[in-house]
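Asker:
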Amino acid sequence: MTDSLKKRQPEDERVIRLSETWEVEYWTKTLDVSAAQLRTAIANVGKDTQKVKQYLGK
4 MTDSLKKRQP
14 EDERVIRLSE
24 TWEVEYWTKT
34 LDVSAAQLRT
44 AIANVGKDTQ
54 KVKQYLGK
């Protein structure tokens, strides 16, 4: 795997998308939460990054 693939990050960080495994890994690491916590936050407040951060207390 090349460095560019290892360092993936979302094209638009204002919205959290979880359609790819690497996206789930990126956001759980960035926000220091589990995948379940992240999915619960999105289910409650939507995909807006700022709202998810607020929900998670970040």
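Add 3 to a position in the sequence shown, counting from 1, and you land on the number used in our numbering. Don't be surprised by glycine CBs; every beta carbon is placed ideally from N, CA and C.
State the DSSP-derived secondary structure class of VAL36, mapped to helix, strand or coil.
Answerer: Three-state DSSP puts VAL36 in coil, outside helix and strand.
Asker: Could you tell me which residues DSSP pairs with ASP51 in its beta bridges?
Answerer: DSSP output for ASP51 lists VAL18 as bridge partner(s).
Asker: ILE45 CB to nearest chain B CB: under 9 angstroms?
Answerer: Among the chains of the structure shown, chain B does not appear; only one protein chain is present.
Asker: By DSSP, does GLN12 sit in helix, in strand, or in coil?
Answerer: Note: GLN12 maps to coil in three-state DSSP.
Asker: Can you say whether ALA39 is buried or exposed, counting buried as having 16 or more other CB atoms within 10 angstroms of its CB?
Answerer: ALA39 comes out exposed.
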